[in-house]
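In what follows, a single structure is set out as structure tokens and then discussed.
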Amino acid sequence: MSAPAAAPALEVRGLTKHFGGVVAVDACSFEAPLGQVTGLIGPNGAGKSTAIDLISGFKLPDSGTVLFKGRPLEGLAPHVIARLGLIRTFQSPREWPGLTVLENVVMARWDAGRESFFGGLLGLRGEQRARAASELSKAREILGEFGLANLRNELAGNLSGGQKRLVEFARIRMAQPELVILDEPMGGVNPVLGERMALAIEAFIASGTSVIVVEHNLPFIERVTQHVIVMAQGSVIAEGPFETLRSNQDVVDAYLGEQVRQ
Amino acid sequence: MSAYLISVLTEGAIFGIMALGLNVIWGWSGDFDLAYYGYIAVGAYMTLVLTIGPAQAPAEYILGQQLPYPVAVVIAVVTTMAVGLVVGLIALRHLRGIYFSIVTLGAVYVMYVIAGQFVPLFDGYNGLSGLFDPMGDVFGLDYQSYQYFFLGLSLVMFVIVYAFMARVSSSRFGMALRTLREDERAAAAFGRDIYRLKLKGYVLGAALGGFAGALFAAYLTAFNPSAWSPVEVIVLYSAVLVGGRGNIRGVVLGVLIMGVLVQESTRFLPDLPGLGQLNTDHPQVLLAMRGAIIGLVLVLFLRFRPRGLLPERRFVDRQPAIDVAPRSA
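Chains X and L supply the protein sequences, listed in that same order. All letters in the first sequence, in the order written, are residues 3 to 264 by this note's numbering. All letters in the second sequence, in the order written, are residues 115 to 443 by this note's numbering.
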């Protein structure tokens with residue numbers, strides 16, 4: 003196992019979650035290095051999605067700690083964690099279907115001053131107006147990067163599955179978190195779009211956003227990650243660069259087996 | 115202007131404020147709130163107990179003040195917001211969809227039963243009366259000119275509320291409420307405090323309900339449990355649905371169609387053979403027809419035009435924007 007090269011963006015220690023008698027996440031510990039793409043793989047039921055829910059505050063852990071930039075996250079509400087700079091996506095794209103693509107991107111950036119009730123009412127003048135205008139042009143620019151500029155006035159709910167994934171990536175670009183956790187971004191995505199997503203992930207890193215990506219598509223994991231964590235039955239069973247995992251018998255048994263034997 | 119037209123327009127303006135308040139809760143936040151008519155009732159009751167003076171036996175009710183009408187309205191609205199906050203704190207904590215609706219239905223029936231059965235509060239089923247021409251004496255108006263005055267007051271209040279809601283609608287706050295309606299998990303993942311935001315929207319909606327109730331009390335001069343049944347809220351829902359949920363122009367159109375047209379058109383139904391005069395001999399038939407028409411319109415719109423006559427308008431960006439990457443998928 004190779005040690006992560008840089009200081010961790012995220013540190014998970016002994017995270018545990020039971021659902022009734024089932025242990026979904028069992029003393030799970032790992033680190034995601036800063037400024038890198040970390041893959042999180044494992045068979046169905048390994049506890050990857052539960053782990054993400056625990057990290058991002060959508061579920062409460064039974065025990066264990068999560069440190070983000072050295073700050074403990076457990077017990078914090080999802081919106082507080084998001085405001086600290088950790089944003090997660092979901093297995094299925096969660097666009098705001100009744101808002102336009104452009105509005106989806108603009109609203110990805112939370113704005114404390116203007117979103118309060120009175121702030122919202124006063125928000126149409128002065129400095130806030132300038133901020134709104136710059137936000138709008140930023141959103142336009144991001145949509146251009148993702149090839150969605152022509153669709154910006156379309157309702158997000160009318161887009162194809164692949165386009166919705168791109169909108170999700172555009173929202174993350176807009177929010178500029180310090181760490182993003184992508185939950186199966188390749189689900190239902192064609193290979194051409196996959197290449198664009200790989201490039202987008204590289205752009206996240208370039209703009210200072212560290213990435214954790216949960217994915218079943220192993221070629222994609224190999225393509226984008228520097229470091230991979232393998233989970234099975236709620237715990238981490240191996241970690242390291244993807245190439246080294248291929249030869250790890252535990253990993254092969256737990257997960258890669260089917261593919262390697264083919 | 116005939117007395118009839120004045121009353122229709124006054125009711126329409128008040129009904130419009132009610133519908134704009136419901137639109138905040140259902141149109142923007144996306145919560146199907148069945149307690150809404152309760153806030154209208156609280157606004158009306160509070161206005162009455164603060165303006166009609168001490169109770170004369172055997173009537174009994176709380177406060178019994180003789181405050182100037184505008185002061186009473188402000189206190190009534192604040193009280194309504196407090197009641198809305200309590201209901202919202204409970205119902206919005208974890209419940210959504212039908213579960214939220216059931217809890218709010220419970221809440222409004224609790225309000226209804228307390229108002230009806232707990233006599234020392236608002237004199238039970240007798241209700242409250244005696245708010246005649248508030249502010250009329252200040253301006254020295256006779257009965258006839260007062261009707262014009264109150265119509266003008268209601269219309270001005272409606273226009274103010276409308277302008278205010280137009281501002282909220284396009285504000286970042288209004289947009290944040292819509293992200294909750296569209297997908298609240300995504301809203302939380304992007305930094306929105308769902309519970310707080312929903313509560314703010316809910317209390318704002320309740321405040322408008324209470325304000326409309328305060329005007330309604332002055333229009334009716336009285337209020338009692340037979341003046342409000344919790345199912346009245348369905349008429350308001352039909353107005354918002356028919357006009358266009360989330361679009362305040364649509365809501366006004368919906369009020370014109372459902373509130374004024376449908377409510378009033380049944381007055382002009384032809385008399386049925388053998389039944390005598392519908393208006394005078396069979397008022398219950400008219401009431402039933404009104405309910406049936408509203409129900410039919412609701413079903414037709416839900417089936418054929420669920421987004422209403424004027425669907426919510428989205429911001430359209432007309433600045434040029436160019437794709438630097440090739441368009442895909």
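Backbone N, C-alpha and C define an ideal beta-carbon position, used for all residues, glycine too. Treat the numbers as computed from the prediction; the structure is a model and nothing was measured.
Taking C-alpha atoms, which residue in X/16, X/159, X/220 and X/38 lies nearest to residue 97 of chain X? X/159
Determine the DSSP secondary structure at residue 214 of chain L, reduced to helix, strand or coil. helix
Cα-Cα separation, residue 228 of chain X to residue 244 of chain X: 7 angstroms
Which of the three DSSP states is assigned to residue 208 of chain L in this structure? coil
CB contact flag (residue 175 of chain X, residue 286 of chain L, <8 angstroms): No, the Cβ-Cβ distance between residue 175 of chain X and residue 286 of chain L is not below 8 angstroms.
Residues near residue 234 of chain L by beta carbon distance below 6 angstroms, same chain, minus five either side: For residue 234 of chain L, where only same-chain residues beyond five positions count, the Cβ hits under 6 angstroms are 174.
DSSP three-state call for residue 19 of chain X: helix, strand or coil? strand
At the 8 angstroms Cβ level, is residue 136 of chain X part of the contact set with chain L, yes or no? no
Is the shortest distance between the beta-carbon of residue 125 of chain L and the beta-carbons of chain X less than 8 angstroms? no
Opening and closing residue of the beta strand (DSSP E) in which residue 88 of chain X lies: 88 to 90
In this structure, does DSSP put residue 435 of chain L in helix, strand or coil? coil
Residue environment, residue 222 of chain X, which counts as buried when at least 16 other CB atoms sit within 10 Å: Buried, because 16 or more other Cβ atoms sit within 10 Å of the Cβ of residue 222 of chain X.
Cβ pair residue 81 of chain X, residue 302 of chain L closer than 8 angstroms: yes
Could you work out which residues of chain C lie near residue 101 of chain X, taking near to mean beta carbons separated by less than 9 angstroms? Of the chains in the structure shown, none is chain C; the protein chains are X and L.
Is the stretch 213 to 224 of chain L touching the stretch 178 to 188 of chain L, taking contact as three or more C-beta pairs under 8 angstroms? no
Three-way DSSP call (helix, strand, coil) for residue 288 of chain L in this model: helix
So, using beta-carbon positions, are residue 102 of chain X and residue 154 of chain X closer together than 8 angstroms? yes
Under 8 angstroms: do the stretch 206 to 213 of chain X and the stretch 166 to 175 of chain X share three or more Cβ pairs, one atom per stretch? yes
Beta-carbon within less than 8 angstroms of residue 126 of chain L's beta-carbon, same chain only, minus the 5 sequence neighbours each way: which residues are those? 369, 370, 373 and 374
So, are the CB atoms of residue 433 of chain L and residue 142 of chain X less than 8 angstroms apart? Cβ atoms of residue 433 of chain L and residue 142 of chain X: closer than 8 angstroms.
If you run the structure through DSSP and keep just helix, strand and coil, what is residue 182 of chain L? Coil, per DSSP.
Are the CB atoms of residue 356 of chain L and residue 411 of chain L nearer to each other than 8 angstroms? yes
Three-state secondary structure (DSSP) at residue 62 of chain X? coil
Checking contacts by CB at 8 angstroms: is residue 274 of chain L closer than that to chain X? no
Neighbourhood of residue 61 of chain X by C-beta, 8 angstroms cutoff - its chain only, sequence neighbours within 5 removed: 19, 52 and 55
Min CB distance residue 6 of chain X to chain L below 8 angstroms: Confidence is the limiting factor: at residue 6 of chain X the pLDDT is only 47, short of 50, which leaves the residue's position unreliable and the question unanswerable from this model.
Taking the Cβ atom as the reference point for each residue, do residue 311 of chain L and residue 290 of chain L lie within a distance shorter than 8 angstroms? yes
Quick check on DSSP: helix, strand or coil for residue 81 of chain X? The answer is helix: DSSP assigns residue 81 of chain X an H, G or I state.
Within 10 angstroms of the Cβ of residue 128 of chain X, are there 16 or more other Cβ atoms? Answer buried if so, exposed if not. exposed
CA-to-CA distance, residue 128 of chain L to residue 331 of chain L, given in whole angstroms: 10 angstroms
For residue 262 of chain X, which three-state DSSP category applies? Here the model assigns residue 262 of chain X a pLDDT of 45, short of 50, so the residue's position is not dependable, and the following value carries that caveat. Residue 262 of chain X: helix per DSSP, three-state reduction.
How many angstroms separate the CA atom of residue 100 of chain X from the CA atom of residue 197 of chain L? The alpha-carbon atoms of residue 100 of chain X and residue 197 of chain L are separated by roughly 31 angstroms.
Is residue 116 of chain X close to chain L, meaning its C-beta is less than 8 angstroms from at least one C-beta of that chain? Yes, residue 116 of chain X lies at the interface with chain L (some Cβ there is under 8 angstroms from its Cβ).
Expressed to the nearest angstrom, what Euclidean distance is found between the alpha-carbon atoms of residue 338 of chain L and residue 184 of chain L? One C-alpha to the other measures close to 21 angstroms.
If we cut at 8 angstroms on Cβ distances, does residue 119 of chain X have a partner in chain L? yes
Chain-order list of residues whose beta-carbon lies under 7 angstroms from that of residue 231 of chain L (same chain, five-residue window excluded): 238
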